[in-house]
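Contents: one structure, followed by commentary.
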Amino acid sequence: MKLRLNDNVQWTHQAGGRVFVRSGVVVAVVAPGGQPDRVRFRSLYRGAETLPARDHDSYIVLVGDKTPYWPRVRLLRQDRSKTDGSEVARAERRWAATCTEQGWCSETQIAVLEHFIRERGLMPELAVFAANRARFEREVTLTIEAVA
(Lines of atoms letter the chains of each structure in order from A and count residues from 1; the text may use other names and numbers.)
(Lines give C-alpha, C1' and ligand atoms only; values in the text may rest on other atoms or scores of the structure.)
Protein backbone atom coordinates (compact mmCIF):
# COMPACT_ATOMS: atom_id res chain seq x y z
CA MET A 1 0.00 0.00 0.00
CA LYS A 2 1.35 3.40 -0.96
CA LEU A 3 0.39 6.23 1.34
CA ARG A 4 1.19 9.93 1.17
CA LEU A 5 1.79 12.64 3.71
CA ASN A 6 -1.45 13.79 5.37
CA ASP A 7 -3.34 10.57 4.52
CA ASN A 8 -5.71 9.50 7.29
CA VAL A 9 -5.07 5.91 8.38
CA GLN A 10 -6.36 3.41 10.89
CA TRP A 11 -4.93 0.22 12.37
CA THR A 12 -5.51 -2.25 15.16
CA HIS A 13 -2.91 -3.35 17.69
CA GLN A 14 -2.72 -5.18 20.99
CA ALA A 15 -1.15 -4.05 24.26
CA GLY A 16 -1.59 -5.37 27.77
CA GLY A 17 -4.01 -8.05 26.61
CA ARG A 18 -6.37 -5.49 25.05
CA VAL A 19 -7.02 -4.67 21.40
CA PHE A 20 -6.93 -1.02 20.35
CA VAL A 21 -7.98 0.73 17.16
CA ARG A 22 -5.79 3.74 16.43
CA SER A 23 -6.30 6.39 13.80
CA GLY A 24 -4.11 9.26 12.79
CA VAL A 25 -2.37 11.17 10.02
CA VAL A 26 0.74 10.15 8.08
CA VAL A 27 3.39 12.75 8.98
CA ALA A 28 6.52 11.08 7.55
CA VAL A 29 7.53 8.40 5.06
CA VAL A 30 10.50 6.21 6.03
CA ALA A 31 12.41 4.80 3.05
CA PRO A 32 13.32 1.09 2.94
CA GLY A 33 16.25 0.46 5.29
CA GLY A 34 15.83 3.92 6.80
CA GLN A 35 15.10 5.09 10.31
CA PRO A 36 12.54 7.60 11.59
CA ASP A 37 14.00 11.05 12.26
CA ARG A 38 15.60 10.69 15.69
CA VAL A 39 15.05 14.32 16.68
CA ARG A 40 11.50 14.71 15.44
CA PHE A 41 10.31 11.30 16.67
CA ARG A 42 12.54 10.66 19.69
CA SER A 43 9.74 8.96 21.64
CA LEU A 44 9.85 6.07 19.13
CA TYR A 45 13.38 5.21 20.23
CA ARG A 46 12.79 4.93 24.02
CA GLY A 47 16.52 4.82 24.73
CA ALA A 48 17.42 2.56 21.80
CA GLU A 49 20.22 3.66 19.49
CA THR A 50 18.49 2.32 16.40
CA LEU A 51 15.22 0.67 15.48
CA PRO A 52 14.87 -2.47 13.36
CA ALA A 53 15.02 -1.42 9.70
CA ARG A 54 12.16 -2.34 7.41
CA ASP A 55 12.65 -3.46 3.82
CA HIS A 56 9.78 -1.38 2.43
CA ASP A 57 8.38 2.12 2.68
CA SER A 58 6.84 2.66 6.09
CA TYR A 59 5.01 5.52 7.72
CA ILE A 60 5.09 7.57 10.89
CA VAL A 61 1.54 8.26 12.01
CA LEU A 62 0.63 11.01 14.44
CA VAL A 63 -2.27 10.11 16.72
CA GLY A 64 -3.90 13.14 18.25
CA ASP A 65 -1.63 16.14 18.37
CA LYS A 66 1.48 14.56 19.78
CA THR A 67 1.92 10.78 19.82
CA PRO A 68 3.91 9.35 16.89
CA TYR A 69 3.61 5.66 15.98
CA TRP A 70 5.53 3.54 13.47
CA PRO A 71 2.90 0.85 12.77
CA ARG A 72 3.43 -2.19 10.58
CA VAL A 73 2.33 -1.30 7.06
CA ARG A 74 0.36 -4.54 6.68
CA LEU A 75 -1.92 -3.37 9.52
CA LEU A 76 -2.64 0.07 8.04
CA ARG A 77 -5.89 0.87 6.27
CA GLN A 78 -6.84 4.21 4.79
CA ASP A 79 -9.43 5.87 6.99
CA ARG A 80 -11.87 7.00 4.32
CA SER A 81 -14.32 8.35 6.90
CA LYS A 82 -12.10 11.41 7.16
CA THR A 83 -11.46 11.93 3.45
CA ASP A 84 -14.01 14.69 3.05
CA GLY A 85 -13.63 15.96 6.58
CA SER A 86 -16.04 18.86 6.66
CA GLU A 87 -19.08 17.19 5.07
CA VAL A 88 -18.53 13.83 6.77
CA ALA A 89 -17.90 15.42 10.17
CA ARG A 90 -21.07 17.53 9.89
CA ALA A 91 -23.13 14.48 8.90
CA GLU A 92 -21.71 12.46 11.82
CA ARG A 93 -22.58 15.28 14.24
CA ARG A 94 -26.12 15.52 12.82
CA TRP A 95 -26.59 11.74 13.18
CA ALA A 96 -25.27 11.81 16.77
CA ALA A 97 -27.50 14.78 17.64
CA THR A 98 -30.58 13.05 16.19
CA CYS A 99 -29.81 9.86 18.13
CA THR A 100 -29.39 11.86 21.34
CA GLU A 101 -32.53 13.96 20.79
CA GLN A 102 -34.59 10.84 20.10
CA GLY A 103 -33.04 8.94 22.99
CA TRP A 104 -32.14 6.07 20.67
CA CYS A 105 -30.17 3.24 22.28
CA SER A 106 -27.67 1.19 20.25
CA GLU A 107 -30.31 -1.34 19.23
CA THR A 108 -32.61 1.38 17.89
CA GLN A 109 -29.75 3.00 16.00
CA ILE A 110 -28.96 -0.35 14.38
CA ALA A 111 -32.61 -0.82 13.42
CA VAL A 112 -32.69 2.65 11.83
CA LEU A 113 -29.48 1.93 9.91
CA GLU A 114 -30.81 -1.46 8.73
CA HIS A 115 -33.98 0.23 7.48
CA PHE A 116 -31.90 2.86 5.66
CA ILE A 117 -29.74 0.17 4.02
CA ARG A 118 -32.76 -1.86 2.86
CA GLU A 119 -34.69 1.20 1.68
CA ARG A 120 -31.76 2.36 -0.47
CA GLY A 121 -31.03 -1.12 -1.87
CA LEU A 122 -27.57 -1.16 -0.30
CA MET A 123 -27.73 -4.66 1.19
CA PRO A 124 -25.39 -6.19 -1.46
CA GLU A 125 -22.79 -3.50 -0.69
CA LEU A 126 -23.21 -4.09 3.05
CA ALA A 127 -22.67 -7.82 2.53
CA VAL A 128 -19.37 -7.15 0.70
CA PHE A 129 -18.31 -4.61 3.34
CA ALA A 130 -19.12 -7.02 6.18
CA ALA A 131 -17.18 -9.86 4.53
CA ASN A 132 -14.15 -7.59 4.02
CA ARG A 133 -14.36 -6.31 7.60
CA ALA A 134 -14.57 -9.87 8.95
CA ARG A 135 -11.52 -10.86 6.88
CA PHE A 136 -9.61 -7.80 8.19
CA GLU A 137 -10.47 -8.68 11.81
CA ARG A 138 -9.34 -12.29 11.28
CA GLU A 139 -6.03 -11.06 9.78
CA VAL A 140 -5.48 -8.71 12.71
CA THR A 141 -6.21 -11.49 15.19
CA LEU A 142 -3.79 -13.84 13.42
CA THR A 143 -1.12 -11.13 13.29
CA ILE A 144 -1.54 -10.33 16.98
CA GLU A 145 -1.42 -14.03 17.88
CA ALA A 146 1.72 -14.49 15.78
CA VAL A 147 3.42 -11.56 17.53
CA ALA A 148 2.39 -12.74 21.01
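Residue numbers in the sequence shown follow our numbering, run continuously in steps of one, and reach 139 at the last position. Backbone N, C-alpha and C fix where the C-beta goes; we use that ideal spot for every residue, glycine too. On a predicted model such as this, the values are computed, not experimentally measured, just so you know.
Exercise for the section: State whether the region 48 to 57 contacts the region 14 to 26, with contact taken as three or more CB pairs (one from each stretch) at a distance under 8 Å. Expected result: yes
Handout entry: As assigned by DSSP and simplified to three states, the class of Phe11
Key = strand
Handout entry: Local Cβ density within 10 Å of Asp(-2), reported as buried at 16 or more and exposed below that
Key = Answer is buried; the Cβ neighbour count reaches 16.
Handout entry: Assigned secondary structure, His106 (DSSP; H/G/I helix, E/B strand, else coil)
Key = Here His106 sits in helix by DSSP.
Exercise for the section: Please list the segments of the beta strand (DSSP E) lying wholly inside the region 46 to 74, counting only runs of 3 or more residues, in order along the chain. Expected result: 49 to 54 and 58 to 60
Exercise for the section: For the beta strand (DSSP E) containing Asn(-1), list its first residue and its last residue. Expected result: Asn(-1) to Ala6
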